[in-house]
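Student:
Protein chains in written order, with this note's numbering: chain A, 174 to 417; chain B, 9 to 98.
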């Protein structure tokens, strides 16, 4: 019995190793890609309206991909909101971390977060940065505010939040469609106006993605759930929270 | 030369942490290991000359996903049984 098991194991190990070695060999045998797009991107950087190649690719050359990305994010948050359980608001049950140290830290750190997000957005034009990074930093600040109770939970998003969620997609759609009225194709910016168009789109995207990320965090919490993120194991004083 | 050793060390630690995160039984430990993995992944992206992705990895992959996962762990360990029974029919 055990010998048969051992044999099966040895055979399985040999087969797995053969497969692994074969896959590694296949990776090395792959031909190197012949088309290098980096030179093409560099050559047309002047017309793109920004001076950083990554931003140029994301918002000009392949603007359609970014457009669909924000649409996917919007659909995700709509899905989460649609599946939110209806029920009493979790406000009075939410366990908010109200320690003075955290509150003071938040007061210090939130302006810095906003500043850093603004810098990242502005820096995207000529160095690493951009809308997604800025929005993620802003969203992180929003999550911190939610954890300290500065942002209340909600049963359904209010009109401002709805506008914020839609802003990025809407502005991108309008900016993308504007060239159509001049007889150009979708997302085909004139070189002179590309910089402004990208700045407008990136600003709207930053606000919208930050709103979407925070809504994902708040909206994903089912009602009647404590919102302190630490598990009971790490915070023994929270053990009784929410128990009937 | 020393740069290559840093890369090799980084890759080895990444694989080790990923394995630890996968095999640990405690959910909270697994999430903390995942966050550590994300932070080291940021270093790896920087070593690969991709600061854009490094920024996104830190902010989204580590910060927001980590917060969501910690939230989920608190939720799962807090009221596992009652939640499970209530969710079952749907």
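For each residue, glycine too, the CB sits at the ideal point set by N, CA and C.
Can you tell me the Cα-Cα spacing of residue 265 of chain A and residue 325 of chain A, whole angstroms?
Tutor: Numbered from its first residue, the first chain carries residue 265 of chain A at position 92. Numbered from its first residue, the first chain carries residue 325 of chain A at position 152. Any reading at residue 265 of chain A is ruled out, since the residue's pLDDT is 43, under 50, leaving its predicted position unreliable.
Student: In chain B, what lies closer than 7 Å to residue 301 of chain A by C-beta?
Tutor: Locating residue 301 of chain A in the first chain gives position 128, where the first residue counts as 1. Chain B residues near residue 301 of chain A: 59, 60 and 63.
Student: Identify whether residue 175 of chain A lies in helix, strand or coil by the three-state DSSP scheme.
Tutor: On the first chain, residue 175 of chain A is found 2 positions in, with the first residue counted as 1. Correct three-state label for residue 175 of chain A: helix.
Student: Within the segment 227-298 of chain A, note down every full alpha helix (DSSP H) run reaching 4 residues or more, in order along the chain.
Tutor: Counting whole runs of 4 or more residues, the segment 227-298 of chain A contains the alpha helix (DSSP H) stretches 236-255 and 273-296.
Student: Is there a Cβ from chain A that is less than 8 Å from the Cβ of residue 51 of chain B?
Tutor: As a position in the second chain, residue 51 of chain B is number 43, starting the count at 1. Closer than 8 Å: no.
Student: Quick check on DSSP: helix, strand or coil for residue 324 of chain A?
Tutor: Numbered from its first residue, the first chain carries residue 324 of chain A at position 151. Note: residue 324 of chain A maps to coil in three-state DSSP.
Student: Taking the straight line between their C-alpha atoms, what separation do you get for residue 68 of chain B and residue 358 of chain A?
Tutor: Reading the second chain from its first residue, position 60 is the one you call residue 68 of chain B. Reading the first chain from its first residue, position 185 is the one you call residue 358 of chain A. Using only the alpha carbons, I get a separation of about 33 Å.
Student: First and last residue of the alpha helix (DSSP H) that includes residue 83 of chain B?
Tutor: Counted from its first residue, the second chain places residue 83 of chain B at position 75. Per DSSP, residue 83 of chain B belongs to the alpha helix (DSSP H) from 73-86.
Student: For residue 60 of chain B, count neighbouring Cβ atoms within 10 angstroms of its own Cβ and tell me buried if that reaches 16, exposed if not.
Tutor: If you number the second chain from 1, residue 60 of chain B lands on position 52. Buried: at least 16 other Cβ atoms inside 10 Å.
Student: If contacts are defined as beta-carbon pairs under 8 Å, then residue 381 of chain A and residue 243 of chain A qualify, I think. What distance do you get, rounded to the angstrom?
Tutor: By 1-based counting over the first chain, the position of residue 381 of chain A is 208. By 1-based counting over the first chain, the position of residue 243 of chain A is 70. Yes, they are in contact, since the Cβ atoms of residue 381 of chain A and residue 243 of chain A sit about 7 Å apart, within 8 Å.
Student: Distance check for residue 187 of chain A and residue 306 of chain A, CA to CA, integer angstroms please.
Tutor: Here residue 306 of chain A is taken as the residue at index 133 of the first chain, counted from 1. Here residue 187 of chain A is taken as the residue at index 14 of the first chain, counted from 1. Straight-line Cα distance between these residues: approximately 45 Å.
Student: Along chain E, in chain order, which residues have C-beta atoms closer than 8 Å to that of residue 227 of chain A?
Tutor: Here the protein chains are A and B, and chain E is not one of them.
Student: CB-CB under 8 Å to residue 252 of chain A, same chain, minus the five flanking residues each way: which ones, in chain order?
Tutor: Here residue 252 of chain A refers to the residue found at position 79 when the first chain is read from its first residue. If we look at residue 252 of chain A and ignore the five residues flanking it on each side, it has no Cβ neighbours.
Student: At the level of alpha carbons, what is the spacing between residue 51 of chain B and residue 63 of chain B?
Tutor: On the second chain, position 43 is the one that residue 51 of chain B refers to. On the second chain, position 55 is the one that residue 63 of chain B refers to. Answer to the nearest angstrom: the Cα atoms are 10 Å apart.
Student: Just checking my contact of residue 311 of chain A with residue 228 of chain A at CB under 8 Å: how many whole Å lie between their CB atoms?
Tutor: What you label residue 311 of chain A is simply residue 138 of the first chain in a count that begins at 1. What you label residue 228 of chain A is simply residue 55 of the first chain in a count that begins at 1. Contact flag wrong, Cβ pair sits at about 18 Å.
Student: Quick one: Cα of residue 199 of chain A to Cα of residue 287 of chain A, how far?
Tutor: Position 26 of the first chain, counted from the start, is the residue given in the question as residue 199 of chain A. Position 114 of the first chain, counted from the start, is the residue given in the question as residue 287 of chain A. Going from the Cα of residue 199 of chain A to the Cα of residue 287 of chain A covers about 47 Å.
Student: Which residues in chain B sit within 8 Å of residue 305 of chain A, going by Cβ to Cβ distance?
Tutor: Residue numbering aside, residue 305 of chain A sits at position 132 when the first chain is read from its first letter. The contacting residues are 64 and 68.
Student: Please decide whether residue 309 of chain A counts as near chain B, where near means a Cβ-Cβ distance under 8 Å.
Tutor: Indexing the first chain from 1 puts residue 309 of chain A at position 136. Interface residue, yes.
Student: Output needed in chain order: residues of the segment 176-207 of chain A with a Cβ under 8 Å from some Cβ in chain B.
Tutor: So the list is empty, because no residue satisfies the distance condition.
Student: For the alpha helix (DSSP H) that residue 14 of chain B lies in, which residues bound it at each end?
Tutor: Counting from 1 along the second chain, the entry for residue 14 of chain B is found at position 6. Residues 10-31.
Student: Below 8 Å on the Cβ atoms is my contact criterion, and I expect residue 390 of chain A with residue 75 of chain B to pass it. Report the Cβ-Cβ distance as a whole number of Å.
Tutor: In the first chain, residue 390 of chain A corresponds to position 217, counting from 1. In the second chain, residue 75 of chain B corresponds to position 67, counting from 1. With 8 Å as the limit, residue 390 of chain A and residue 75 of chain B qualify as a contact, their Cβ atoms being about 7 Å apart.
Student: Between the Cα of residue 369 of chain A and those of A:189, A:232, A:292 and A:179, spot the shortest distance and give me the residue it belongs to.
Tutor: As a working note, residue 369 of chain A is residue 196 in the first chain. Closest option to residue 369 of chain A, Cα to Cα, is A:232.
Student: Rounded to whole angstroms, how far is the Cβ of residue 29 of chain B from the Cβ of residue 41 of chain B, which I believe are closer than 8 Å?
Tutor: If you number the second chain from 1, residue 29 of chain B lands on position 21. If you number the second chain from 1, residue 41 of chain B lands on position 33. 4 Å between Cβ atoms; contact.
Student: From residue 320 of chain A to residue 22 of chain B, what does the alpha carbon distance come to, in whole angstroms?
Tutor: Stepping through the first chain from its first residue, residue 320 of chain A is reached at position 147. Stepping through the second chain from its first residue, residue 22 of chain B is reached at position 14. Whole-angstrom Cα-Cα distance: 30 Å.
Student: Please confirm whether residue 303 of chain A and residue 297 of chain A have their CB atoms less than 8 Å apart.
Tutor: On the first chain, position 130 is the one that residue 303 of chain A refers to. On the first chain, position 124 is the one that residue 297 of chain A refers to. Their beta carbons are under 8 Å apart, which means residue 303 of chain A touches residue 297 of chain A by this criterion.
Student: At least one CB of chain B closer than 8 Å to the CB of residue 386 of chain A: is that the case?
Tutor: As a first step, residue 386 of chain A must be located in the first chain, where it is residue number 213. Cβ-Cβ to chain B under 8 Å: yes for residue 386 of chain A.
Student: Going by other Cβ atoms of all chains shown within 10 Å of its Cβ, with 16 needed for buried, is residue 344 of chain A buried or exposed?
Tutor: Numbered from its first residue, the first chain carries residue 344 of chain A at position 171. When all chains shown are included, residue 344 of chain A counts as buried.
Student: Expressed to the nearest angstrom, what Euclidean distance is found between the alpha-carbon atoms of residue 245 of chain A and residue 255 of chain A?
Tutor: Position 72 of the first chain, counting from 1, holds the residue named residue 245 of chain A. Position 82 of the first chain, counting from 1, holds the residue named residue 255 of chain A. The straight-line gap from Cα to Cα measures roughly 15 Å.
Student: Output the distance between the C-alpha atoms of residue 223 of chain A and residue 349 of chain A, rounded to the nearest integer angstrom.
Tutor: Here the question's residue 223 of chain A lines up with position 50 in the first chain. Here the question's residue 349 of chain A lines up with position 176 in the first chain. Approximately 17 Å, taken between the alpha carbons.
Student: Can you tell me whether DSSP reads residue 359 of chain A as helix, strand or coil?
Tutor: The sequence position of residue 359 of chain A within the first chain is 186, counting from 1. Of the three classes helix, strand and coil, the one that applies to residue 359 of chain A here is coil, per DSSP.
Student: Return the first residue and the last residue of the alpha helix (DSSP H) that residue 68 of chain B is part of.
Tutor: As a working note, residue 68 of chain B is residue 60 in the second chain. Note, residue 68 of chain B: premise wrong, no alpha helix (DSSP H); not H, not E.
Student: If you measure from the beta carbon of residue 252 of chain A to each beta carbon in chain B, is any gap under 8 Å?
Tutor: As a first step, residue 252 of chain A is located in the first chain; it is residue number 79 there, counting from the start. No, no contact with chain B.
Student: At a CB-CB cut-off below 7 Å, which residues of chain B make contact with residue 313 of chain A?
Tutor: The residue labelled residue 313 of chain A in the question sits at position 140 within the first chain. Ordered by position in chain B, the residues that pass the 7 Å Cβ test against residue 313 of chain A are 67, 71 and 72.
Student: Kindly list, in the order they appear in chain B, the residues whose Cβ is closer than 9 Å to that of residue 374 of chain A.
Tutor: The residue you call residue 374 of chain A lines up with position 201 of the first chain. Simply none; closest approach about 17 Å.
Student: In chain order, what residues of the same chain lie with their CB nearer than 7 Å to the CB of residue 35 of chain B, ignoring the 5 residues before and after it?
Tutor: As a first step, residue 35 of chain B must be located in the second chain, where it is residue number 27. Hits under 7 Å: 81, 84 and 85.
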